[in-house]
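Trainee: Chains as they are written, first to last, in our numbering: chain B, 16 to 221; chain S, 16 to 221.
Glycine included, C-beta positions come from ideal geometry on N, C-alpha and C.
Values in this document were obtained by computation on a predicted structure and should not be read as measured data.
1. Short of 8 Å Cβ to Cβ, which residues in the stretch 88 to 116 of chain B face chain S?
2. According to the Cβ coordinates, are residue 63 of chain S and residue 85 of chain S closer than 7 Å?
3. Does the beta carbon of residue 125 of chain B come closer than 7 Å to any beta carbon on chain S?
4. Which chain S residues sit within Cβ distance under 7 Å of residue 218 of chain B?
5. Mind checking if residue 17 of chain B is an interface residue toward chain S, Cβ cutoff 7 Å exclusive?
6. How many angstroms separate the CA atom of residue 92 of chain B from the CA atom of residue 191 of chain S?
7. What does a CB cutoff of less than 7 Å around residue 90 of chain B pick up in its chain, not counting 5 residues either side in sequence?
8. Any beta-carbon of chain S closer than 7 Å to the one on residue 129 of chain B?
9. What residues in its chain sit with their C-beta under 7 Å from that of residue 28 of chain B, if we drop five residues either side in the sequence?
10. Unbroken alpha helix (DSSP H) runs of length 4 or more, entirely within the stretch 173 to 204 of chain B: which are they?
11. What number of angstroms, rounded off, separates the C-alpha of residue 174 of chain B from the C-alpha of residue 24 of chain B?
12. Go through its chain and collect everything with a Cβ distance to residue 143 of chain B's Cβ below 7 Å, but skip five positions before and after it.
13. What is the rounded straight-line gap between the Cα of residue 39 of chain S and the Cα of residue 163 of chain S?
14. Does residue 58 of chain S have its Cβ less than 7 Å from a Cβ in chain B?
15. Taking Cβ to Cβ, would you say residue 57 of chain S is nearer than 7 Å to residue 199 of chain B?
16. Hey, would you say residue 68 of chain S sits closer than 7 Å to residue 137 of chain S, going by beta carbons?
17. Can you tell which of S:149, S:152, S:146, S:104 has the C-alpha that lies nearest to the C-alpha of residue 129 of chain S?
18. Return no unless some Cβ of chain S is closer than 7 Å to the Cβ of residue 206 of chain B.
19. Quick check: is the beta carbon of residue 64 of chain S nearer than 7 Å to any beta carbon in chain B?
20. Would residue 45 of chain B count as contacting chain S if we go by Cβ distances under 7 Å?
21. Leaving out five residues on either side along the sequence, give the residues of the same chain with a beta carbon under 8 Å from the beta carbon of residue 65 of chain S.
22. Which class does residue 85 of chain S belong to by DSSP, given the choice of helix, strand or coil?
23. Alpha carbon to alpha carbon, how far is residue 45 of chain S from residue 115 of chain B?
24. Can you find a CB in chain B that lies within less than 7 Å of the CB of residue 215 of chain S?
25. Pop quiz: residue 194 of chain B and residue 149 of chain B are said to be a contact at Cβ under 8 Å. What is the actual Cβ separation, rounded to whole angstroms?
26. Mind checking which residues open and close the beta strand (DSSP E) that includes residue 130 of chain B?
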């Protein structure tokens with residue numbers, strides 16, 4: 016299984032944004048939605064072996080994390096507005112308490128799930144994994160060995176990653192990799208990484 | 016200069032689509048808008064050495080072609096709705112006649128231009144160029160020599176390319192290339208090709 020964890024420093028964790036002005040009203044949640052699209056959708060279907068986590072650190076309900084599991088996802092379409100509508104419904108759920116020891120992620124319709132926290136809930140949810148941090152000026156992913164069984168790619172949004180997140184990922188053993196000499200947007204990074212993985216072990220698309 | 020020519024079999028050539036339901040009302044112009052984004056926008060600016068042509072073959076005003084020149088483009092933002100608004104204004108221009116021998120493309124604000132025709136007007140506008148056709152099951156772009164001075168990449172939308180277009184590109188000497196073993200959406204193809212070009216000769220971004 017391939018997994019992507021996108022950390023949105025400003026992306027809103029509440030569902031009160033406007034579909035008519037997504038970038039301004041959602042703290043640039045649109046950036047993260049494009050990452051979901053790039054990770055999950057291919058020409059004739061959906062990558063069933065890919066999971067995306069959106070860590071939402073903006074707005075009054077933050078931190079929250081939305082998980083989209085390609086294995087069971089439905090109604091995921093490439094246009095931003097439709098994807099924003101799906102995620103808005105998930106985020107419209109009131110912030111919930113959690114039983115100690117219970118699962119962090121609450122299942123929602125269409126293969127989505129939500130957790131009331133950030134990276135500290137994502138890491139245990141990943142189980143066994145090999146972490147990579149997608150970053151500028153890091154060694155080239157093309158030349159790097161990749162764990163194809165359980166790679167997890169962490170990346171920031173348009174703002175980048177804060178020092179605390181970097182420290183946490185470093186202590187989890189994350190290997191830094193770049194996708195080339197030009198710094199591109201997070202969703203293009205996801206598309207390029209997915210392509211690199213496809214060349215090493217083609218994805219399951221259905 | 017890098018150039019991308021995206022051929023939209025159903026994408027509308029008229030500006031009467033709805034921003035609230037772009038995929039259904041625009042003949043999937045949204046696919047082509049995402050290609051513009053992927054070709055032009057990078058993390059800290061815009062690729063000044065890239066030009067995108069959208070050949071619009073859908074709707075009552077077709078064929079028309081919209082050209083976006085990165086060298087002079089302004090107000091190009093990554094969210095679909097804002098990009099759709101820019102293109103809608105260009106397409107709202109009434110279909111115009113053209114002086115015989117005059118330029119095919121009429122300049123519009125923000126680095127856009129419009130021509131009242133399709134591929135037959137794009138090819139002369141390209142001047143000197145080396146054509147590539149991005150296609151499934153073709154040789155891998157990574158292993159191919161690329162003309163870095165004046166490459167032009169032709170690609171289809173979600174429908175693919177019709178036989179007449181393929182024949183025309185073949186007679187122009189287009190070399191078919193693929194971006195890997197999994198068939199991905201047109202805009203992800205553009206992002207992957209731009210990344211391949213960046214690795215061979217980094218883009219000019221400002």
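Mentor: Concretely, from the data shown:
1. 92, 93, 94, 95, 96, 97
2. yes
3. no
4. 197
5. no
6. 28 Å
7. 101, 125
8. no
9. 71, 73, 74, 76, 77, 78, 79, 106
10. 178 to 186
11. 7 Å
12. 165
13. 37 Å
14. yes
15. yes
16. yes
17. S:104
18. yes
19. no
20. yes
21. 16, 17, 18, 19, 54, 55, 85, 209, 218
22. coil
23. 45 Å
24. no
25. 7 Å
26. 127 to 130
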